[in-house]
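Residue 672 in my numbering is what sits at position 80 of the sequence shown, and the numbering runs on without skipping anything. First up is the structure itself, then whatever we jot down about it.
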Amino acid sequence: MFSFAYYALAGLIVVALGLCAWTVRHQRSRRRHGALQDLMDNADRLESDLKDCRDRLQRAHAVMSVSPDLPATGEVEAQQAVDSGLRALLQQRLWIRDRAPDASQRELDEAVDALVRARHQLEPRLRALDDAQTALDTAVREHIHKEF
Numbered sequence: 593m594f595s596f597a598y599y600a601l602a603g604l605i606v607v608a609l610g611l612c613a614w615t616v617r618h619q620r621s622r623r624r625h626g627a628l629q630d631l632m633d634n635a636d637r638l639e640s641d642l643k644d645c646r647d648r649l650q651r652a653h654a655v656m657s658v659s660p661d662l663p664a665t666g667e668v669e670a671q672q673a674v675d676s677g678l679r680a681l682l683q684q685r686l687w688i689r690d691r692a693p694d695a696s697q698r699e700l701d702e703a704v705d706a707l708v709r710a711r712h713q714l715e716p717r718l719r720a721l722d723d724a725q726t727a728l729d730t731a732v733r734e735h736i737h738k739e740f
């Protein structure tokens, strides 16, 4: 009877340890999957933001351009900045494709944080671009209204 209690206790401990190990492994797997999903989602959002920024800049420069064949002041630099952001994003996507499956959780978290930081840095510029576009639209309407 005494030895049966030891075997039962040992069996219970083994089951409890197994359950704990499975739980830890499952949580790590879920965290990793979540980080990979966040990485892809943030890359998609950043790409969308950059393309939106490029489109807005093109519209703004088209309105300001004196000659449609010549780039407006700052247009080349703005386009180069957006293109640079898109190239950096492409490098990030290649890293995701090639390295993310084998990357450590820390590397995945750092990659997600880098994309989030990039989006946060872009947000004030997009707001400023919206404000400038609104002011430009207002100025064009007023100019057209004065002419007629």
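Note that beta-carbon positions come from the ideal geometry of N, C-alpha and C, so glycine has one too.
7 Å Cβ shell around residue i - same chain, five flanking residues per side excluded
i, result
"Gly677", "Leu642"
"Arg637", "Arg711"
"Asp701", "Ala627"
"Asp630", "Val704"
Boundaries of the alpha helix (DSSP H) in which residue i is found, first to last residue
i, result
"Asp701", "Gln697 to Glu739"
"Ala673", "Glu667 to Arg691"
Top-ranked residue by Cα proximity to residue i, from the options
i, options, result
"Arg689", "Gly626, Met632, Gln671 and Thr615", "Met632"
"Leu682", "Val616, Tyr598, Ser640 and Arg617", "Ser640"
"Asp675", "His618, Gln650 and Ala600", "Gln650"
Sequence-distant residues of its chain with Cβ nearer than 8 Å to residue i (five each side left out)
i, result
"Gln697", "Arg620, Arg623, Arg624 and Ala627"
"Arg685", "Ala635"
Cβ of residue i within 8 Å of any chain C Cβ
i, result
"Gly603", "Included in the structure is just one protein chain, with no chain C present."
### Task
Decide if the stretch 711-722 is in contact with the stretch 644-655; the criterion is three or more beta carbon pairs, one per stretch, under 8 Å apart.
yes
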